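> There's a structure below that I have some questions on.
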Amino acid sequence: MARLAPTVLEVLMIKTRIAPSPTGDPHVGTIYQALFNRVFAHQNGGKFILRIEDTDRTRFNPESQKRLLEMLDWVGLPADESPTAGGPAGSYIQTERVANHQKYAAQMLSNGTAYRAFDTSAELEERRKIAEAAKASYRGYDRRDRNLTREESDARAASGEPFVIRIKAPLEGEVIVQDRLRGAVVFKASELDDKVLLKADGMPTYHLAAMSDDHDMGVTHVIRAEEWLTSSPIHKLIIEAMGWNEPEWIHTPLLRNPDKSKLSKRKSNTSVESYKEMGITPEALVNYLGMMAYSMPDGRELFGFDDLIEHFTWERVSLGGPVFDLGKLTWLNGRYIREVLSLDEVVSRAKPYLEKAGYDISDTVKLEKVIDALRPRFDVFADVPEKAAYFYRDIVFDDKARNKIEEGRGHLAALLPLLENAAWTWGVLEPIIKGYAESTGAKLGAVMQPIRAALTGKLESPGMGELLEALGKELCLKRIKSATN
RNA sequence: GGUCCCAUCGUCUAGCGGUCUAGGACGGUGCCCUCUCAAGGCGCAGACACGAGUUCAAGUCUCGUUGGGAUCACCA
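Counted from 1, the first sequence has number 433 at position 431 by the numbering used here; the numbering is strictly sequential.
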């Protein structure tokens, strides 16, 4: 286990952390927090650490940690210290630190800032219900064991009676938490209750575990979601009870569902993996998250982690909880595809989706032409196979295309011999097609659209030049010919 | 319900007392470009929640109201 007292250097060094619990699918909210924490630590020459909070054994999911770490790597926000990266602060898995938590709980017990409570969960549940039935708002634990004598408490514990350890929160006065974003947040002591620090199974609760681990690991700035704000006074009390240095508190606004409630799996897509699967690029995801509650000083919307390192300040964080809008994320992703990523990058990121669809993309020259033609026409990579279908699969004609071929069959038949001897570049094909239209007095569209329909089975596609060249002479002639029958 | 947080277009936001008849972006809508569809360009519609103060002057400061959110577990 790590030394308990941080060195001078560590105290001076800014350390931030995220402390996710490995319970389910990697959540965008975790990535959002990682972004704040990593940006702030790194722009100050500090460290960003990740600690797995797995003290809830009932919800523990063994795959979860690995997947979370993978997603942080994927978005380019890996922790400097973590279970896999290691680091000087001891284990980065909370359950491996319970000896410390228990030791601290014992210290609080002996210095009088905590006490044993022998109520069972069932008893507490019942009292809670009674309070609700009486229409009295539940005021938290009734503190009935707070004044047990030391002797009685020790005796009952020694006799094997199960107990939890609770903090002795002050009965009067107030606890003031200085939040970097909101200033002084005042909590009346009378509103606080004696939260459990150590559960009956010997495991710490979040309150104790997070605060003591933060202390032991030298965390200087607790940057976490706003949902923690109301429990921050308890955290401050724990820190005071142990005589530790108080970190700076920064409670960031919560990502929201469209109905403004806290972003949830039920109402929104919170799975980072699913965004990856649908073909959102990690750069766009980070960029999008970066514009949630934050804006660049010059108003630009396209920016990355390095830009944040350069410009991020808490002063520019707005406090209203931003609604996570898939539409805007998708649009932003589209901008990365057509403005930020090189064609090579777009091609290589599109490949897996095409392969998965079973397309033969061994012709890399063709692939590049296809992707280039499609580039302004898709926002997420998962859409590529469908958009590229007629380049790699037999045509599926829709009704409108069928009709258009019917209308233009004469043109197609007349054009075919002109095309058969042509060199297959738009430079030579364009004059042929346009010349044909001109000489017959046909509107260009009346000629083009039947060709398009014959080539793609649709009435919408990339430009004729891109289409002809990407498809290649052989395929084009074959399709036009078959359309004339 | 108690406590705490928050409050500019539907959404993301700019705005840190006068430059705001409130700017940008997504989405919507119209036009242009054009072989279609996109992309792109140019327009349009669309917001300071309300009420008191403070001030010569308030979207910007204060208070209240209203509204939204979070939290009240031996979960994190």
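Yeah, the Cβ is synthetic: ideal placement off N, Cα and C, and Gly gets one too.
None of these values were measured; they are calculated from a predicted model.
Pick helix, strand or coil for residue 12, following the three-state DSSP scheme.
Note that residue 12 has pLDDT 47, beneath the 50 cutoff, so the model's placement of it is unreliable and the number below is only indicative. DSSP places residue 12 in helix when its eight states are reduced to three.
> Tell me whether the stretch 65–82 and the stretch 97–106 touch, counting them as touching only if at least three CB pairs, one residue from each stretch, are closer than 8 Å.
Because the criterion of three Cβ pairs below 8 Å is not met, the stretch 65–82 and the stretch 97–106 do not touch.
> Going by beta-carbon coordinates alone, are residue 196 and residue 171 separated by less than 8 Å?
The answer is yes: Cβ separation under 8 Å.
> To which residues does DSSP link residue 316 through a beta bridge?
In the DSSP output, where bridge partners are listed per residue, residue 316 has none listed.
> Looking only at its own chain, which residues have a Cβ that is under 7 Å from the Cβ of residue 478, when we skip the five neighbours before and after it?
Counting only Cβ-Cβ distances below 7 Å, and skipping sequence neighbours, we find 457, 470.
> Can you list, in chain order, the stretches of the beta strand (DSSP E) that have 3 or more residues and sit fully within the stretch 230–279?
The qualifying runs are 250–254.
> So residue 38 is in the beta strand (DSSP E); what residue range does that whole segment cover?
Where residue 38 is concerned, there is no enclosing beta strand (DSSP E), although the alpha helix (DSSP H) it sits in stretches over 30–45.
> Indicate whether residue 283 and residue 351 have their beta-carbon atoms separated by less than 8 Å.
Yes, Cβ-Cβ distance for residue 283 and residue 351 is below 8 Å.
> Do residue 16 and residue 39 have their C-beta atoms closer together than 8 Å?
Taking 8 Å as the Cβ cut-off, residue 16 and residue 39 do not qualify as a contacting pair.
> Across which residues does DSSP place residue 456 in a beta bridge pair?
Answer by DSSP bridge pairing: none, since residue 456 is not bridged.
> If contact is defined by three or more beta carbon pairs under 8 Å, each pair taking one atom from either stretch, is the stretch 324–335 in contact with the stretch 281–297?
Yes, they touch.
> Use the C-beta contact count for residue 32: other C-beta atoms within 10 angstroms, 16 or more gives buried, fewer gives exposed.
Buried, because 16 or more other Cβ atoms sit within 10 Å of the Cβ of residue 32.
> Count Cβ pairs between the stretch 16–26 and the stretch 204–223 that sit closer than 8 Å; are there 3 or more?
Flag = yes, the stretch 16–26 and the stretch 204–223 touch.
> Can you give me the C-alpha to C-alpha distance between residue 339 and residue 375, rounded to a whole angstrom?
Between residue 339 and residue 375, the C-alpha separation is close to 12 Å.
> For residue 299, I'd like the list of residues in its chain whose CB is within less than 8 Å of its CB, leaving aside the five on either flank, ordered along the chain.
Taken in chain order, the residues that qualify are 313, 318.
> What does DSSP give as the partner residues of residue 180 in its beta bridges?
Residue 180 pairs with 186.
> What residue from 487, 97, 55, 50 has the CA that sits closest to residue 411's CA?
For residue 411, the nearest C-alpha among the options comes from 487.
> Hey, would you say residue 209 sits closer than 8 Å to residue 237, going by beta carbons?
In this structure, residue 237 lies closer than 8 Å to residue 209 by Cβ.
> Can you confirm whether the stretch 82–98 touches the stretch 141–157 when touching is taken to mean that 3 or more C-beta pairs between the two stretches lie within less than 8 Å?
The answer is no - the stretch 82–98 does not touch the stretch 141–157, with fewer than three Cβ pairs under 8 Å.
> Under the assumption that residue 99 contacts residue 203 (Cβ atoms under 8 Å), give the Cβ distance between them as a whole number of angstroms.
Between residue 203 and residue 99 the Cβ distance is about 16 Å, and since that is not below 8 Å, they are no contact.
> Check for me: the alpha helix (DSSP H) holding residue 332 runs from which residue to which?
Counting along the chain, the alpha helix (DSSP H) containing residue 332 begins and ends at 328–337.
> Ordered along the chain, which non-local residues of its own chain (more than five positions away) have a Cβ less than 6 Å from that of residue 181?
Excluding sequence neighbours, residue 181 sits near 187, 251, 253.
> With 16 other CB atoms within 10 Å as the buried threshold, where does residue 149 fall?
Residue 149 should be labelled exposed.
> Nearest to residue 280 by alpha carbon, out of 212, 263, 307, 380?
Answer by Cα proximity: 380.
> With DSSP collapsed to three states, give me the class of residue 117.
Residue state, collapsed to three classes: strand.
> Quick one: residues in its chain with C-beta nearer than 8 Å to the C-beta of residue 56, no 5 flanking neighbours on either side, listed in chain order?
Answer for residue 56: 23, 24, 62, 67, 95, 96, 97, listed in chain order.
> At what residues does the alpha helix (DSSP H) containing residue 358 begin and finish?
From DSSP, the alpha helix (DSSP H) with residue 358 extends over 345–358.
> Can you tell which of 439, 274, 116, 140 has its C-alpha closest to the C-alpha of residue 151?
The shortest Cα separation from residue 151 among 439, 274, 116, 140 belongs to 116.
> Would you check if the stretch 269–277 and the stretch 241–250 touch, i.e. whether three or more CB-CB distances between them fall below 8 Å?
Touching, no.
> Under a three-way DSSP split, which group does residue 487 fall into?
Here residue 487 sits in coil by DSSP.
> Which class does residue 112 belong to by DSSP, given the choice of helix, strand or coil?
Helix, per DSSP.
> When burial is assigned at 16 or more other CB atoms within 10 Å of the CB, is residue 423 buried or exposed?
Residue 423 is exposed by the Cβ-count criterion.
> Can you give me the Cβ contacts of residue 3 inside the same chain, cut-off strictly under 6 Å, excluding the 5 residues immediately before and after it?
Bear in mind that a pLDDT of 29 at residue 3, under 50, signals an unreliable position, so the number given afterwards is only what the model happens to contain. Only 92 meet the Cβ criterion.
> In angstroms, rounded to a whole number, what distance separates the CA positions of residue 434 and residue 459?
Distance between the alpha carbons of residue 434 and residue 459 is about 22 Å.
> Give the DSSP bridge partners of residue 206, in chain order.
Looking at the DSSP assignment, residue 206 forms a beta bridge with 200.
> Among 30, 263, 111, which one has its Cα closest to the Cα of residue 166?
Nearest option by C-alpha distance: 111.
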